[in-house]
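Asker:
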Amino acid sequence: MNNNKNTGALDVLLDEVRQAGAAKFSDEKKQIYADGISSVANSGVLDAALNVGDKAPNFTLKNALNEAVTLNDELKNGPVVLTWYRGGWCPYCNITLHALQEKLPEFKNEGATLLALTPELPDNSLSTSEKNNLEFTVLSDIGNAIGKEYGVVYTLTDDVASMYNAGFGLNKVNGDASNTLPLAATYVIDTNGIIKYAFLDADYTARAEPLEILSALRKLK
């Protein structure tokens, strides 16, 4: 679970976006987002999600260039950092992707591969990858199929779904009308396929700190 709230360098950057939103949004909009977070917290998804000690289900997904990537193949080369992001439309996601990119050389020094999953269609995930100059693999999890296997998927409230569809066309970028999204979950998986670190939070503005991920990787040795 998330034990490092508001302590890391990434969270300082994320908090700038939170403060900007608080200043810009109407009280009604702020309430809709707050209710959305409460809905996630009360949905049981945090209890259902895979956690430390669980076996990570294998999967094969296409990357932004339509190439197949299989988790178990990646684990043959070393541990895997598996992280979900909601989409290129999410400012918190883009800041987090940048922060992970900055730490990528250090992850690689620990022998780790970073895989980022998103429910966005491949064309959209490619534009996100290019826009952020990402050098790690972005995988399209269409319909949140793998997210569901890991237990990290939830359904948006009607109000939040309406705002997302009106604002940027959530159903269009994801290619489905389920109005579901993944938690911004992050796992560190060892070469035996066992989850050794898990970041799970109902609040979509909270993310795993790259230094925490790095610490988890170092503990695998």
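Those letters in the sequence shown? Residues -11 to 209, per this note's numbering, in order.
Idealized CB from N, CA, C, for every residue including glycine.
(1) Flag this pair as touching only if the segment 38 to 52 and the segment 71 to 79 have three or more C-beta atom pairs under 8 angstroms; answer yes or no.
(2) Which of the three DSSP states, helix, strand or coil, is assigned to K96?
(3) Taking 8 angstroms as the threshold (C-beta atoms), are F95 and L202 in contact?
(4) Is it buried or exposed for N132, if we count other Cβ within 10 angstroms and need 16 for buried?
(5) Inspect the beta-carbon positions of G66 and G32 and report whether they are closer than 8 angstroms.
(6) Compute the Euclidean distance between the alpha carbons of L169 and L1, then round it to the nearest angstrom.
(7) Here's the rule: buried if 16 or more other CB atoms are within 10 angstroms of the residue's CB, otherwise exposed. What is R206?
(8) Between the alpha carbons of D146 and N97, how many angstroms are there, rounded?
(9) Measuring only the C-alpha atoms, how far is A8 from I177?
(10) State the start and end residues of the unbroken alpha helix (DSSP H) segment that holds Y210.
(11) Name the DSSP beta bridge partners of P170, please?
(12) How big is the Cα-Cα spacing for L171 and D191?
(13) By the 10 Å Cβ neighbour count, where 16 or more other Cβ atoms means buried, how is L59 classified, buried or exposed?
(14) What are the boundary residues of the alpha helix (DSSP H) that L1 is part of?
(15) Less than 8 angstroms separating the beta-carbons of T116 and V57?
(16) For A52, which three-state DSSP category applies?
(17) With 16 other CB atoms within 10 Å as the buried threshold, where does E62 fall?
(18) With a CB to CB cut of under 7 angstroms and the five nearest residues on each side skipped, what residues in its chain are close to Y175?
(19) Give me the Cα-Cα distance between V161 and A104, rounded to the nearest whole angstrom.
(20) Put A133 into one of helix, strand or coil per three-state DSSP.
(21) Please classify N30 as buried or exposed, where buried requires at least 16 other C-beta atoms within 10 Å of its C-beta.
(22) For a test of the three-state rule: what should DSSP assign to L103, helix, strand or coil?
Answerer: Checking against the coordinates, here is how it stands:
(1) The answer is no - the segment 71 to 79 does not touch the segment 38 to 52, with fewer than three Cβ pairs under 8 angstroms.
(2) In the three-state scheme derived from DSSP, where H, G and I count as helix and E and B as strand, K96 is classed as helix.
(3) With contacts defined as CB atoms closer than 8 angstroms, L202 and F95 qualify as a contacting pair.
(4) Looking at its Cβ environment, which holds 16 or more other Cβ atoms inside 10 Å, N132 is buried.
(5) G32 sits away from G66, with the two beta carbons spaced by 8 angstroms or more.
(6) If I take the Cα positions, the gap works out to 23 angstroms.
(7) Label assigned to R206: exposed.
(8) Just so you know, the alpha carbons of D146 and N97 end up roughly 44 angstroms apart.
(9) Going from the Cα of A8 to the Cα of I177 covers about 35 angstroms.
(10) Outside the modelled stretch of the chain, which goes from -11 to 209, sits residue 210, for which no answer is possible.
(11) Paired residues: V141.
(12) Inter-residue distance for L171 and D191 is about 8 angstroms (C-alpha atoms, whole angstroms).
(13) By the beta-carbon neighbour count (other beta carbons within 10 angstroms, threshold 16), L59 is buried.
(14) Start and end: A(-3) to K12.
(15) Judged by their CB atoms, T116 and V57 are not nearer to each other than the 8 angstroms cut-off.
(16) Looking at A52 - three-state DSSP - the assignment turns out to be coil, as it is neither helix nor strand.
(17) It is buried - the Cβ of E62 has at least 16 other Cβ atoms within 10 Å.
(18) Close CB contacts of Y175 within its chain, under the 7 angstroms cut and outside five residues either way in sequence, are with A44, L70, I183, Y185 and A186 (chain order).
(19) The straight-line gap from Cα to Cα measures roughly 17 angstroms.
(20) If DSSP states are grouped into helix, strand and coil, A133 belongs with the helices.
(21) N30 is exposed by the Cβ-count criterion.
(22) Strand.
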